[in-house]
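Start counting the sequence shown at 6; every next residue gets the next number (the working numbering).
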Amino acid sequence: MSQVVDLLLTNAIVLTMDDKLNQFEHGAVAVQADSIVAVGPEADLRQEYESPQTVDCRGKVLMPGLINAHTHVPMTLLRGLADDLRLDVWLMGYMMPVEREFVSPDFVRLGTQLACAELIRTGVTCFADMYYFEQHIARATAEAGLRAVCSQTVLKFPAPDARYYEESLAAARDFIQQWKGHPLIVPSVAPHAAYTCTKEILQATAALAVEFDVPLHTHISETALEVENSRSEFGMPVVPYVKKQNLFDAKVLAAHCVHVDNGEIKTLLHHGAGVAHNPSSNLKLASGFAPVGKMLEAGLNVGIGTDGAASNNDLDMFEEIRLAALIGKAHTGNPTALPAPQVLEMATRLGARALHIGHLTGSLEPGKRADLILVNIHNIHNSPRFAREKSGIYAQLVYASHSSDVTDVMVNGKWVMRDRTLTTLSESDLLAQAQEYAQKIDQFLIVREQSVLSKLIAIGGATEGESFEVQVKVRVSDPVPIQQAVEKAEIEVLHHRHYHEFDTYFRFDDPKQGYLRYREDEYIDEAGKVTNIRYRLTLLGPAREGSFPSDVLLSRSRFLAPATHSLRFYHEYFKPTGEVTIEKERQRWRILYHGIEFYINLDEVKEPAWGYFLEVKSRTWSRRDAENKAQLANDLLEYLDAAGGATVAMDYIELAEGAKS
Ligand SMILES: [Zn+2]
């Protein structure tokens, strides 16, 4: 007696993508509820099974659905927002500020629905996501009928869904508790990357993943700069560093792994970590070439991912598969590297294993979930067909198939696309809603880009807002008498420091923007050695606020922050129309003069070779206070025997600009 099943798929070229790459030219698959019951020659299955529902696949390829091993699905709503930038400028300058402003449960839901529609159309049945408000992503994904590992992001910066990392960690815990055991969703936690997390975050997220036995999703060694920074800060590359934080106690899915050495590959393998290779993203951001061949040879489970649509700019896995094969060859100079069957394994069975759900999906085998797709290979761009070698069909799929050749998609035993029509989502509604978001985000960026100050605030880290000070600067010919005067008993020196300072001033077309100064302060100790370097960013007011008798100026600095990015980053982000560099030796005294705090700066400006300047400054809060301090500043100059010197403009940049024009 034959067994009754829910569905028989017949007349297909069945590619199981199992360990032996079994394929059945006149094949069939039997599905019962959410699972595959049998796979094999059609003649055999027809003998063993009968079904009220038989689907004739008409000679199409029937294969496991593709696994997108790394993405950020809601970023479909940020597609095309900012392109052709370096990773840090793109991420810190555009993505994160826009995300902080716009990302909400509504945003991630719509973005997820858009992504699911696109993923289904391109033959993806399962993906690994990393984003914010992950419970809303999980819900939208489950409603769309797709399978996913959904990872709640935790990082050291304020996030759209959390002010502090403790909040996102608590959200991750709640999310995992609520979704664990769901038929489509595997909840997970995502410490964003080693460089965006503290040690504490890495340790806490690893412990959480271990506690609930869920995967941990992170970015590892995406750029050479990341590895360089890890080496200089922690004395080791990224993989051993995160290992030290117990990250590999968890089931890790590591995205990128572009810059990993042989030892790191061994560590990843030893700890059963999966890797997501993202060829488009790595190419577009010029991150480098991941050693995919080496990783596969070592035995690592390497899947293929699109990364987010903001850095790709689509979620087309067919394109990713083809790129993975082509880059694998070009990068190693070996056309036999990453052959078609192997790349297709990466996009299916190995990808599922990299996500730590290889027992559920990734191949057509009895007992696994019915996650499958039909691909038409009888199109004009994919003809004729040679059947002599069994591997020919894989080459057809990798090198000639388009994602639009996918006609039908089933996840967990349910059709989500039939004959190119989506069954769970309305595309026209999604398109209209997405356009509304694009208009709002456009407007936000237009306003932000109008002002250097708002661009500065957008990248965060402000430690101080607007401040005023009275200051007077005098050219001096001999610094020695001034140094001696400072040390006289009438002045109480609170603090003395010696610095070597490099200032880069950014100039903008609109003079109202003021100047942005990037300062590198090297502390010089008693022995004349550099002991510490500090980087600071100051937005100087567009012009002096006022002046007092004897050229004492009231100046305004609008913003002060530690400069946490490189000078190159700020240059690319602010796009100044010009820049001026000034290098000087500075002796700095913080003193009390008649009970009032002043700074005395004795500078030797070396580049340009301007010689010595004496600067007297004091912070001020009110007009009256400023008047009083302006008088004291003049007295102080007199006291220092510098009163007769030629006073100069309020800042070196003004002097430089004056000298130029
Ligand atoms: Zn990513």
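Backbone N, C-alpha and C define an ideal beta-carbon position, used for all residues, glycine too.
Item	Value
In the DSSP assignment, find the beta strand (DSSP E) that holds residue 509 and state where it starts and stops.	497-512
According to DSSP, residue 68 sits in a beta bridge with which residue or residues?	378
When you compare only the Cα positions, how much space is there between residue 222 and residue 195?	5 Å
Kindly examine ligand 1 and report whether one of its heavy atoms sits closer than 8 Å to the Cβ of residue 260.	yes
Does the segment 240-259 come into contact with the segment 57-70, if we say contact requires no fewer than three beta-carbon pairs (one atom in each stretch) closer than 8 Å?	no
Flag residue 135 as yes when its Cβ comes closer than 8 Å to any non-hydrogen atom of ligand 1, and as no otherwise.	yes
Go ahead and label residue 517 buried or exposed: buried means 16 or more other beta carbons lie within 10 angstroms of its beta carbon, across all protein chains shown.	exposed
My output table needs one value for residue 37: the three-state DSSP class, helix, strand or coil.	strand
Could you check how far apart the C-beta atoms of residue 219 and residue 181 are, in whole angstroms? I think they sit under 8 Å.	6 Å
I need the straight-line Cα distance from residue 575 to residue 99, nearest angstrom please.	13 Å
Checking the sheet assignment: what are the DSSP bridge partners for residue 4?	Outside the shown range of the chain (6 to 666) lies residue 4, about which nothing can therefore be said.
Could you tell me whether the segment 585-605 touches the segment 631-638, where touching means 3 or more Cβ pairs closer than 8 Å?	yes
Give me the Cα-Cα distance between residue 279 and residue 305, rounded to the nearest whole angstrom.	7 Å
Using a 10 Å radius around the Cβ and a threshold of 16 neighbouring Cβ atoms, would you call residue 617 buried or exposed?	buried
Below 9 Å between beta carbons: does that hold for residue 1 and residue 312?	With the chain represented from 6 up to 666, any question about residue 1 goes unanswered, as that position is not in the structure.
Would the C-beta of residue 193 count as close to ligand 1, meaning under 8 Å from any of its heavy atoms?	no
In terms of residues, what are the limits of the beta strand (DSSP E) holding residue 476?	472-481
Look at residue 544 and residue 519 and say whether their C-beta atoms are less than 9 Å apart.	yes
I need the DSSP call for residue 348, collapsed to helix, strand or coil.	helix
Classify residue 184 as buried or exposed, calling it buried when 16 or more other Cβ atoms lie within 10 Å of its own Cβ.	buried
Answer with buried or exposed for residue 666, where buried requires no fewer than 16 other C-beta atoms within 10 angstroms of its C-beta.	No answer about residue 666 holds up, because its pLDDT of 45 lies below 50 and its placement is not dependable.
Go ahead and label residue 95 buried or exposed: buried means 16 or more other beta carbons lie within 10 angstroms of its beta carbon, across all protein chains shown.	buried
By Cβ distance below 6 Å, which residues in the same chain neighbour residue 620 in space, the five residues on each side in sequence not counted?	478 and 606
Count the CB pairs spanning the segment 579-587 and the segment 527-537 that are closer than 8 Å, and state whether there are at least three.	no
For residue 488, which of helix, strand or coil comes out of DSSP?	helix
Closer than 6 Å by C-beta to residue 498: which residues in its own chain qualify, once you throw out the five before and the five after it? Chain order, please.	594 and 596
CB residue 34 to CB residue 48, shorter than 9 Å?	no
May I ask you to check if the CB of residue 77 is nearer than 8 Å to at least one heavy atom of ligand 1?	yes
Could you spell out the range, first to last residue, of the alpha helix (DSSP H) harbouring residue 184?	170-184
Can you check the segment 363-410 for any alpha helix (DSSP H) of at least 4 residues that lies completely inside it and give the ranges in chain order?	397-400
I'd like to check one pair, residue 377 with residue 422: are the Cβ atoms closer than 9 Å?	no
Answer with buried or exposed for residue 69, where buried requires no fewer than 16 other C-beta atoms within 10 angstroms of its C-beta.	buried
Taking a contact to mean a Cβ-Cβ separation below 9 Å, would you say residue 585 touches residue 658 in this structure?	yes
According to DSSP, is residue 195 part of a helix, a strand, or is it coil?	strand
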